[in-house]
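Asker:
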Amino acid sequence: MARRIATKDKVDRAALIDFLRPRHHTILVTRRADGSPQMSPVACGIDPEGRVVISTYPQRAKAVNARRDPRVSLCTLSDDWDGPYVQVDGQAEVLDMPDALEPLVEYFRCISGEHPDWDEYREAMRKQNKSLIRVTIERWGPISTGGFPPELAD
């Protein structure tokens, strides 16, 4: 039985965005005040400008940490556990209400499509006092899969 060979494909920004757009499961890494990593599993999307967007609340650790130190990393996974993944590094900005409202509409669109009642959605976001983390991508690793090194695959 042939073993699965690990892959690592270097891609340009356009291919990276194409890879990220349909994938909504990410581990967001921010930095605590002492510099140690804080990881959060989050749903994410890609906005029209090619930034990673994540919905949150202003008091959550990821938002507090990103405000203090905007350097973040993400590991975006495929729905299939053995599917391809990629690490992305960038600069985060945290938008709070009312500035977050329309970007939250775009966040919903890029993950779920059109909402049946945008006024209702906007009101829910206001009531919940939601925030949005927006990550400008600065660098990324190869799109990778797990498996055996090629020399061990026979």
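Numbered by our numbering, the letters in the sequence shown go through residues 120 to 273 in order.
By construction, the Cβ of each residue, glycine as well, lies at the ideal position given by its N, Cα and C atoms.
May I have the straight-line CA-CA distance separating R151 from Q157, to the nearest angstrom?
Answerer: Looking up residue 151 in the sequence shown gives position 32. Looking up residue 157 in the sequence shown gives position 38. Using only the alpha carbons, I get a separation of about 6 Å.
Asker: Going straight from the alpha carbon of R228 to that of H234, what length do you get?
Answerer: Position 109 of the sequence shown, counted from the start, is the residue given in the question as residue 228. Position 115 of the sequence shown, counted from the start, is the residue given in the question as residue 234. C-alpha separation (whole angstroms): 8 Å.
Asker: With a 10 Å radius around its C-beta and 16 neighbouring C-beta atoms as the bar for buried, classify T126 as buried or exposed.
Answerer: As a working mapping, residue 126 is identified with position 7 in the sequence shown. It counts as exposed.
Asker: Please report how far the alpha carbon of V224 lies from the alpha carbon of R258, in whole angstroms.
Answerer: Start at 1 with the first residue of the sequence shown, and residue 224 comes out as number 105. Start at 1 with the first residue of the sequence shown, and residue 258 comes out as number 139. Rounded to whole angstroms, V224 to R258 spans 26 Å at the Cα level.
Asker: Helix, strand or coil for V130 per DSSP?
Answerer: Within the sequence shown, the letter at position 11 stands for residue 130. Of the three classes helix, strand and coil, the one that applies to V130 here is coil, per DSSP.
Asker: What does E212 pair with, by DSSP beta-bridge criteria?
Answerer: Against the sequence shown, residue 212 aligns to sequence position 93. According to DSSP, E212 bridges with R253.
Asker: What's the C-alpha gap between H144 and N248?
Answerer: For the purposes of this step, residue 144 is taken as the residue at position 25 of the sequence shown. For the purposes of this step, residue 248 is taken as the residue at position 129 of the sequence shown. Taking the straight line joining both Cα atoms gives about 23 Å.
Asker: Is W200 helix, strand or coil when you go by DSSP?
Answerer: Numbered from 1 along the sequence shown, position 81 holds the residue referred to as residue 200. DSSP places W200 in coil when its eight states are reduced to three.
Asker: Quick one: give me the first and last residue of the alpha helix (DSSP H) that L223 is part of.
Answerer: As a working note, residue 223 is residue 104 in the sequence shown. Taken as a continuous stretch (DSSP letters only), the alpha helix (DSSP H) holding L223 covers L220 to S231.
Asker: Any chance you could list the beta strand (DSSP E) runs of at least 3 consecutive residues sitting entirely within the region 134 to 186, in chain order?
Answerer: Qualifying beta strand (DSSP E) stretches, in chain order: 144 to 150, 156 to 162 and 171 to 175.
Asker: According to DSSP, what are the bridge partners of Q206?
Answerer: Indexing the sequence shown from 1 puts residue 206 at position 87. Q206 pairs with C194.
Asker: Please return the same chain residues whose Cβ sits closer than 8 Å to the Cβ of L251, not counting the five positions on each side in sequence.
Answerer: If you number the sequence shown from 1, residue 251 lands on position 132. Contacts found: V172, I173, S174, T175, V213, L214, A219, P222, L223 and Y226.
Asker: Would you mind working out which of Y240, L193, S263 and G154 sits nearest I165, comparing C-alpha positions?
Answerer: By 1-based counting over the sequence shown, the position of residue 165 is 46. That would be L193, whose Cα lies nearest to the Cα of I165.
Asker: DSSP three-state call for R245: helix, strand or coil?
Answerer: Translated into the one-based positions of the sequence shown, residue 245 becomes position 126. R245 falls in the helix class under three-state DSSP.
Asker: So, V191 versus I256, is the Cβ gap smaller than 7 Å?
Answerer: Residue mapping note: residue 191 aligns to position 72 of the sequence shown, counting from 1. Residue mapping note: residue 256 aligns to position 137 of the sequence shown, counting from 1. Cβ distance not < 7 Å, so V191 and I256 don't count as in contact.
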